[in-house]
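Undergrad: Residue numbers (the working numbering): 762 to 1088.
Okay, structure coming up:
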């Protein structure tokens, strides 16, 4: 089991060059005062690049300072930027600036930098379950690599019952957040989730609500103590495949099912090859070149225009690069 160390931000800044010698390969910096200090973050990124470039960095950063300069600094590092989606109360209304966060996500996506969002619920007096679901729907549409929910990961952050957010609403938000964490984040679903969702004609939040119920019925929900991060990705993928098959049958999307399952399987195999160096053979009903192609972003057009072709595809390391070939 990997060891975990805890440092203050000051210690990290002063001794960043010593971290590789301690065997540290990953470093998370989650300091709210640091997150909004652009000059200090730029200085940190420069130091990390010069003194410890091989570490994977996870950095909490306020969206207000995300710009070309920040992106250029972090594009040199192996990293993930964690961005809280903040909202505030004003005159009895909850303000959440979708245009602002969408512009920041667009910058990050265009640069190819990995980023995730942090969402909370029932932290503002004007928040409601409906507004939380709207933020979740918005977040998924921005293609974050993952979505974190501090309230189900950190007991110090509590949700508060209000006249707009009941205790039952809080439990419902918690379970939906946990299902998102399982299916989307631990399931590495970002490359394919929206294309798989489209035939179902439902919002992401509704999809995750339904998956939360599926988890409850299968004893792998929040209350069961299930930890998606402790599972191998292949186990999460099996859950995804089972649930997608159920939803496509329920919504009478039978003609798209084979393509949907294939897309999940080949993306999962590729992610395990890149992430864990795990080689595998995957059987599909379509050619992997088509499944990885742009046509797969719209399953209706894909099924109408791409011919089925039973394939056995091997995913392997070719030199130092991930690759695949049809056997």
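Every residue gets a Cβ at the ideal spot worked out from N, C-alpha and C, and that includes glycine. Computed from a predicted model, the values in this text were never measured in an experiment.
Just to confirm, are residue 844 and residue 799 a CB contact at a threshold of 8 angstroms?
TA: Here residue 844 corresponds to residue number 83 of the chain shown, with the count starting at 1. Here residue 799 corresponds to residue number 38 of the chain shown, with the count starting at 1. Cβ distance not < 8 angstroms, so residue 844 and residue 799 don't count as in contact.
Undergrad: Which same chain residues end up closer than 7 angstroms to residue 890 when comparing Cβ atoms and leaving out the 5 residues on each side of it in sequence?
TA: Looking up residue 890 in the chain shown gives position 129. The residues are 926, 930, 933, 934.
Undergrad: For residue 888, which option in 923, 998, 941 has the closest C-alpha, if you only look at C-alpha atoms?
TA: Stepping through the chain shown from its first residue, residue 888 is reached at position 127. Closest option to residue 888, Cα to Cα, is 923.
Undergrad: Going straight from the alpha carbon of residue 982 to that of residue 941, what length do you get?
TA: In the chain shown, the residue the question calls residue 982 occupies position 221. In the chain shown, the residue the question calls residue 941 occupies position 180. One C-alpha to the other measures close to 11 angstroms.
Undergrad: For residue 843, which of helix, strand or coil comes out of DSSP?
TA: As a first step, residue 843 must be located in the chain shown, where it is residue number 82. Looking at residue 843 - three-state DSSP - the assignment turns out to be strand.
Undergrad: Count the other CB atoms, across all protein chains shown, that sit within 10 Å of the CB of residue 1050; report buried if there are 16 or more and exposed otherwise.
TA: Numbered from 1 along the chain shown, position 289 holds the residue referred to as residue 1050. Per the 10 Å Cβ criterion, exposed.
Undergrad: How about residue 838 and residue 818: are their beta carbons less than 8 angstroms apart?
TA: Looking up residue 838 in the chain shown gives position 77. Looking up residue 818 in the chain shown gives position 57. A contact, by the Cβ cut-off of 8 angstroms.
Undergrad: Using 10 angstroms around the beta-carbon of residue 907, count the other beta-carbons present and answer buried if the total reaches 16, otherwise exposed.
TA: Start at 1 with the first residue of the chain shown, and residue 907 comes out as number 146. Burial call: buried.
Undergrad: The beta strand (DSSP E) spanning residue 1083 covers which residue range?
TA: On the chain shown, position 322 is the one that residue 1083 refers to. From DSSP, the beta strand (DSSP E) with residue 1083 extends over 1082–1087.
Undergrad: Scan the stretch 1004–1072 and note each continuous beta strand (DSSP E) run of 3 residues or more that stays entirely inside, going in chain order.
TA: Taking only runs of at least 3 residues, the beta strand (DSSP E) segments lying wholly in the stretch 1004–1072 are 1041–1045.
Undergrad: With a threshold of 8 angstroms, are at least 3 pairs of Cβ atoms found where one atom belongs to the stretch 961–975 and the other to the stretch 1034–1052?
TA: The stretch 961–975 vs the stretch 1034–1052: no contact.
Undergrad: Taking C-beta to C-beta, are residue 949 and residue 1029 nearer than 8 angstroms?
TA: Locating residue 949 in the chain shown gives position 188, where the first residue counts as 1. Locating residue 1029 in the chain shown gives position 268, where the first residue counts as 1. Yes, the pair counts as a contact, with Cβ atoms nearer than the cut-off.
Undergrad: Kindly list the residues whose CB is nearer than 7 angstroms to the CB of residue 762, restricted to its own chain and excluding five residues on each side of it in sequence; keep chain order.
TA: Here residue 762 corresponds to residue number 1 of the chain shown, with the count starting at 1. Only weak support exists for where residue 762 lies, its pLDDT of 42 falling under 50; the coordinates are left without a value.
Undergrad: Could you compute how far the alpha carbon of residue 895 sits from the alpha carbon of residue 1080?
TA: Indexing the chain shown from 1 puts residue 895 at position 134. Indexing the chain shown from 1 puts residue 1080 at position 319. Distance between the alpha carbons of residue 895 and residue 1080: 45 angstroms.
Undergrad: Would you grab the beta carbon distance between residue 791 and residue 821 for me? Rounded to a whole angstrom, and I think it's under 8 angstroms.
TA: Taking the chain shown and counting its residues from 1, one reaches residue 791 at position 30. Taking the chain shown and counting its residues from 1, one reaches residue 821 at position 60. With a Cβ gap of about 4 angstroms, residue 791 and residue 821 count as contacting.
Undergrad: Would you call residue 909 buried or exposed, if buried means 16 or more other Cβ atoms sit within 10 Å of its Cβ?
TA: Translated into positions along the chain shown, residue 909 becomes position 148. Flag for residue 909 reads buried.
Undergrad: Within 10 angstroms of its Cβ, does residue 966 collect 16 or more other Cβ (buried), or is it exposed?
TA: Along the chain shown, read from residue 1 onward, the residue named residue 966 stands at position 205. With 16 or more other Cβ atoms within 10 Å, it is buried.
Undergrad: Check for me: the alpha helix (DSSP H) holding residue 776 runs from which residue to which?
TA: Counted from its first residue, the chain shown places residue 776 at position 15. Residue 776 -> alpha helix (DSSP H) spans 770–776.
Undergrad: Candidates 1064, 1076, 815, 812: which alpha carbon is nearest residue 1016's?
TA: Within the chain shown, residue 1016 is the residue found at index 255, counting from 1. It is 1064.
Undergrad: Taking residue 1077 as the reference, give the member of 1008, 1059, 1041, 1088 with the closest Cα.
TA: If you number the chain shown from 1, residue 1077 lands on position 316. Measuring from the Cα of residue 1077, the nearest candidate turns out to be 1041.
Undergrad: In the DSSP assignment, what residue or residues form a beta bridge with residue 821?
TA: The residue you call residue 821 lines up with position 60 of the chain shown. Paired residues: 843.
Undergrad: Please give the ranges of any alpha helix (DSSP H) in the stretch 970–998, keeping only runs that are unbroken, at least 4 residues long and fully inside the region.
TA: Counting only runs of 4 or more, we get nothing.
Undergrad: Pop quiz: residue 1052 and residue 1083 are said to be a contact at Cβ under 8 angstroms. What is the actual Cβ separation, rounded to whole angstroms?
TA: If you number the chain shown from 1, residue 1052 lands on position 291. If you number the chain shown from 1, residue 1083 lands on position 322. Contact doesn't hold; Cβ gap of about 15 angstroms is too wide.
Undergrad: Among 806, 1001, 779, 857, which has the Cα closest to the Cα of residue 842?
TA: In the chain shown, the residue the question calls residue 842 occupies position 81. Residue 842 has its Cα closest to that of 806, out of 806, 1001, 779, 857.
Undergrad: Between which two residues does the alpha helix (DSSP H) containing residue 936 stretch?
TA: In the chain shown, counting from the first residue as 1, residue 936 sits at position 175. Note, residue 936: alpha helix (DSSP H), 928–941.
Undergrad: By how many angstroms is the C-alpha of residue 976 removed from the C-alpha of residue 847?
TA: In the chain shown, counting from the first residue as 1, residue 847 sits at position 86. In the chain shown, counting from the first residue as 1, residue 976 sits at position 215. Cα to Cα, the separation comes out at about 28 angstroms.
Undergrad: Could you compute how far the alpha carbon of residue 1069 sits from the alpha carbon of residue 1012?
TA: Taking the chain shown and counting its residues from 1, one reaches residue 1069 at position 308. Taking the chain shown and counting its residues from 1, one reaches residue 1012 at position 251. Roughly 22 angstroms separates the two Cα atoms.
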